[in-house]
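Here is the structure we will look at.
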Amino acid sequence: RQAAGIYQVGMAPMRPTTSAFLAAPPQLQAPSVQQATAGSAGRTAAPLPIERSAVVATAHTASPSRLAAVAPVALLLKIGLATRGTLPRRRRGRAARRQARVSVDAPMALNEEAVALERQAAQLRSSIAVLEEEQYEVERMRRLDLFNSFDIDRSGAVCVQELQTGWPRVSNIGLDQAMASRLLQAHDQNESGALEFDEFDLKRLEATLEAIVAEREAEELVAREEELARQAQVERERQGKEYYESLPGNPDAAWSTRIVSSLAYFLPVLDAAKLGLPLGILFPMLLPGLDTLLIVDKMIPWGSFVLFLALQGIGNRKDLPSLMRFNFHQAVWLDIAVGLTKLATELIGQSDAPMASDVWVVVCILGFLLTLAGIAYSAGSTLLLGSAPRSIPWISAQTEESMGMRRPDFDVAGSTSSKGDAPEQQA
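The working numbering runs 2 ahead of the 1-based position in the sequence shown.
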């Protein structure tokens with residue numbers, strides 16, 4: 003109230019305002035007011051509009067005692083304005099309200115955009131459905147035209163004859179009566195004996211026909227392979243029969259040829275006499291014959307070796323009868339087998355094993371009996387039948403090899419080839 007009289011400058015008394023104190027010259031303010039004004043100059047709001055001339059004039063006419071009384075009030079007002087910060091809070095409030103409006107408006111905009119997209123998708127689906135219906139109708143008309151081209155009698159169904167007649171117009175695959183029947187049966191769902199419109203699908207018919215053709219080709223291939231295998235078996239039997247019934251070269255089989263051929267087996271008999279001694283001890287009636295053979299072998303030095311070379315040389319002559327050549331070669335291989343048996347008995351006889359003597363006796367007897375059996379078979383087949391004795395294991399095969407003969411070899415596929423044939427002939 004005391005400070006109110008300061009502002010009475012030719013006008014009615016008025017309330018002191020902060021702008022009046024702020025607009026007063028610095029020399030009229032107290033020191034504390036000057037410091038507060040200097041510290042808060044950058045944060046206070048603009049001074050309220052007031053007549054500066056009146057404030058200045060009043061301030062200059064005021065007494066020092068009145069200024070001192072007003073200074074604390076001015077200081078407090080100065081500090082309050084400096085620390086209030088009303089404008090920043092208002093600005094933050096506006097920004098928050100704007101952000102709230104944006105946060106509310108954004109979902110609404112997204113929802114509107116989603117609704118628009120769903121509307122467009124529905125339109126597209128509707129357009130696609132229309133197009134599919136149009137395409138289905140076009141495809142149905144095409145199928146109907148194709149079906150009518152097959153249905154010659156306009157009975158509403160395609161029989162086997164109509165299917166066979168109209169098929170060349172739509173496919174390059176030939177269709178005979180049997181294939182047409184199988185094709186119709188595969189697609190005749192109601193078993194009416196004919197293809198109705200719903201059962202007549204060209205693509206499915208073509209796929210089924212391709213499967214039928216592939217199956218028929220497979221059956222024909224199997225049948226062809228079976229026929230080839232049968233022919234190969236017949237050819238093998240023919241070759242085997244021809245191979246074992248005849249010999250290459252001169253087919254002479256006269257009695258003179260048979261007798262001379264049988265005499266060749268004297269060589270293995272002469273060399274096997276020593277192996278028969280243990281058997282002669284068990285059966286004494288065999289000893290005179292064995293002794294005779296041993297005496298003959300001792301009378302002619304190197305007689306067996308000379309006879310061996312003679313038989314080998316005569317057997318290599320291709321101008322002689324094949325029967326004679328075969329027996330000469332077989333006699334030589336029988337003699338080689340006897341020689342190997344005698345070598346085994348010599349090794350066993352020199353052994354100090356407890357059972358060596360028993361093994362020696364068994365080997366001698368077994369070798370002698372096998373040699374006699376081979377000689378009896380060869381001589382009997384040659385003399386009585388006039389055919390080559392070609393059934394002795396290993397011995398007959400080696401004899402054929404010596405004569406240049408090749409037994410037929412049978413491969414897995416059933417084809418026949420000879421060991422001596424060229425690669426082209428084997429293939």
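No residue lacks a Cβ here, since even glycine has one placed at the ideal position from N, Cα and C.
Query	Result
Are the beta-carbon atoms belonging to residue 314 and residue 334 less than 7 angstroms from one another?	yes
Quick one: Cα of residue 213 to Cα of residue 174, how far?	15 angstroms
If you draw a straight line from the C-alpha of residue 358 to the C-alpha of residue 280, how long is it?	14 angstroms
Going straight from the alpha carbon of residue 166 to that of residue 139, what length do you get?	28 angstroms
Would DSSP call residue 290 helix, strand or coil?	helix
For residue 197, list the residues DSSP reports as bridge partners.	160
Straight-line CA distance for residue 9 to residue 79?	Per-residue confidence for residue 9 stands at a pLDDT of 45, beneath the threshold of 50, marking its modelled position as unreliable; no derived number is given.
Could you check if residue 244 is buried or exposed, using at least 16 other CB atoms within 10 Å of its CB as the buried criterion?	exposed
Please report the straight-line C-alpha distance between residue 247 and residue 268, rounded to a whole angstrom.	25 angstroms
Going by DSSP, name the residue or residues bridged to residue 113.	In the DSSP output, where bridge partners are listed per residue, residue 113 has none listed.
When the Cα atoms are used, what is the spatial distance from residue 395 to residue 282?	27 angstroms
Is the stretch 349-366 touching the stretch 258-274, taking contact as three or more C-beta pairs under 8 angstroms?	no
With which residues is residue 192 paired in a DSSP beta bridge?	Answer is none; residue 192 lacks a bridge partner.
Is residue 249 closer than 7 angstroms to residue 381 when the C-beta atoms are compared?	no
Which complete alpha helix (DSSP H) runs does the stretch 336-394 hold, if anything under 4 residues is left out?	358-382
Nearest-angstrom Cα distance between residue 259 and residue 408?	24 angstroms
Keeping to the same chain, check which residues put their C-beta closer than 7 angstroms to that of residue 326; ignore five residues upstream and five downstream.	259, 262 and 263
Return the residue from the list 376, 305, 347 and 387 that minimises the CA-CA distance to residue 398.	376
Note down the Cα distance separating residue 193 from residue 187, rounded to an integer number of angstroms.	8 angstroms
Does the structure place the stretch 125-133 close enough to the stretch 141-153 that three or more beta carbon pairs sit under 8 angstroms?	no
Using the C-alpha atoms, what's the distance from residue 225 back to residue 233?	12 angstroms
Residue 216 and residue 159: beta carbons closer than 7 angstroms?	no
Within 10 angstroms of its Cβ, does residue 332 collect 16 or more other Cβ (buried), or is it exposed?	buried
Going by DSSP, what residue range makes up the alpha helix (DSSP H) through residue 248?	Residue 248 -> no alpha helix (DSSP H), and no H or E assigned at all.
Look up residue 431 in the DSSP assignment and say whether it is helix, strand or coil.	Nothing can be reported for residue 431: it is not among the residues displayed for the chain, which extend from 3 to 429.
From the DSSP output, in three-state form, read off residue 409 for me.	coil
Pull up the distance between the alpha-carbon of residue 348 and that of residue 240, whole angstroms please.	46 angstroms
Would residue 353 and residue 251 be called neighbours here (beta carbons separated by less than 7 angstroms)?	no
Could you have a look at residue 270 and say whether DSSP puts it in helix, strand or coil?	helix
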